[in-house]
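The structure appears below as structure tokens.
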Amino acid sequence: MRKLRGLTIEELANGAELTKGFISQLERDMTMPSVLNLKQVLEVLGLDLATFFSDMEEREKNIYTQKDRIDAEVGESYRISSLVPKLKYLEMEPKLITLAPLALYETSYEDDEGFGFVVKGRIELTIAKEVRVLNRGGCFYVFFDNKFIIKNLSRKSAEILIVNY
Numbered sequence: 114m115r116k117l118r119g120l121t122i123e124e125l126a127n128g129a130e131l132t133k134g135f136i137s138q139l140e141r142d143m144t145m146p147s148v149l150n151l152k153q154v155l156e157v158l159g160l161d162l163a164t165f166f167s168d169m170e171e172r173e174k175n176i177y178t179q180k181d182r183i184d185a186e187v188g189e190s191y192r193i194s195s196l197v198p199k200l201k202y203l204e205m206e207p208k209l210i211t212l213a214p215l216a217l218y219e220t221s222y223e224d225d226e227g228f229g230f231v232v233k234g235r236i237e238l239t240i241a242k243e244v245r246v247l248n249r250g251g252c253f254y255v256f257f258d259n260k261f262i263i264k265n266l267s268r269k270s271a272e273i274l275i276v277n278y
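Mapped onto my numbering, the consecutive letters of the sequence shown carry residue numbers 114 to 278.
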């Protein structure tokens with residue numbers, strides 16, 4: 114949750130008035146916080162105890178089906194579907210980008226890092242100044258602060274799985 118909020122361990126520790134060591138141990142499940150400490154940490158993360166515990170049941174779900182998908186963004190020539198519900202506790206965010214034939218999708222990458230896999234089709238991928246053609250089964254890795262462009266080179270739709278972290 115800390116990473117999703119863009120906080121360092123030090124920032125979270127300072128905001129919650131706890132030590133960096135305690136936060137580090139908490140993240141690695143090496144310690145259990147008191148209710149007061151949990152409340153302090155959640156406050157910095159913008160959550161309350163009720164919200165935190167209300168999502169616990171959803172957090173335990175491991176398997177998702179196509180009906181769980183949500184269209185996160187729909188453009189004229191593309192659709193981005195979230196493959197799992199966006200929960201505060203999940204660090205990875207898998208998405209499926211579907212591009213219409215010969216369509217172009219352009220974005221700036223804002224997460225820490227991400228992985229992409231061409232599920233269907235043939236694409237041209239531009240990251241920074243590097244341009245590559247990837248077929249089905251091809252993959253790529255993208256880091257924070259990179260702009261990338263995906264162009265569908267096929268006359269059929271292309272699908273790209275993106276996992277943000």
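Idealized CB from N, CA, C, for every residue including glycine.
Exposed unless 16 or more other CB atoms sit within 10 angstroms - verdict on Lys242: Lys242 is exposed by the Cβ-count criterion.
Could you please give the first and the last residue of the uninterrupted beta strand (DSSP E) stretch that includes Ala271? Ala271 to Asn277
How would you label Tyr191, buried or exposed, when you count the other beta carbons within 10 angstroms and need 16 or more for buried? Counting Cβ neighbours within 10 Å, Tyr191 comes out buried, since at least 16 surround it.
For the alpha helix (DSSP H) containing Ala129, list its first residue and its last residue. Ile122 to Ala129 is the span of the alpha helix (DSSP H), which, as asked, contains Ala129.
Enclosing alpha helix (DSSP H) for Ser167 [first to last residue]: Leu162 to Ser167
Checking the sheet assignment: what are the DSSP bridge partners for Leu212? Per DSSP, the beta-bridge partners of Leu212 are Tyr191 and Ala271.
Run of the alpha helix (DSSP H) containing Lys133, from where it starts to where it stops: Counting along the chain, the alpha helix (DSSP H) containing Lys133 begins and ends at Lys133 to Glu140.
My guess is that Thr220 and Glu272 are in contact by the Cβ rule of under 8 Å, so how many angstroms apart are they, rounded? Contact doesn't hold; Cβ gap of about 16 Å is too wide.
Please report the distance separating the alpha-carbon of Phe165 from that of Gly251. Looking at the two C-alpha atoms, the distance is approximately 38 Å.
Lys116 (DSSP reduced to helix, strand or coil): coil
Am I right that Glu226 and Leu266 are in contact with their C-beta atoms under 8 Å? What's the rounded C-beta distance? Incorrect: roughly 26 Å between the Cβ atoms, too far for contact.
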